[in-house]
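Counting in the working numbering, the sequence shown runs from 1 upward without gaps.
Structure record follows, encoded as C-alpha cells.
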Amino acid sequence: MLELLKSLVFAVVMVPVVMAVILGLIYALGEVFNVFSKLGHPKEDHR
Numbered sequence: 001m002l003e004l005l006k007s008l009v010f011a012v013v014m015v016p017v018v019m020a021v022i023l024g025l026i027y028a029l030g031e032v033f034n035v036f037s038k039l040g041h042p043k044e045d046h047r
C-alpha cells in the first residue's frame, strides 16, 4: 500500500514539473526563433 501511495505522490509531483519544463522549452524555442528571424531580416516587419 505504501509503495502505491509513494508512486502516486511521485506521479502527482512530476506531472506539473514536466508540464512546466515542456512549456518552458516551447517558450524558449519561440524566443530563439524570434531572435533569429529579427537577425535574418531586419528591414522587413511582419504583421
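For every residue, glycine included, the Cβ atom is placed at its ideal position computed from N, Cα and C.
Check                                                                            : Outcome
For Met-1, name the three-state secondary structure that DSSP assigns.           : coil
To the nearest angstrom, how far is it from the Cα of Pro-16 to the Cα of Val-9? : 12 Å
Taking the alpha-carbon positions, what's the Val-13 to Leu-29 distance?         : 25 Å
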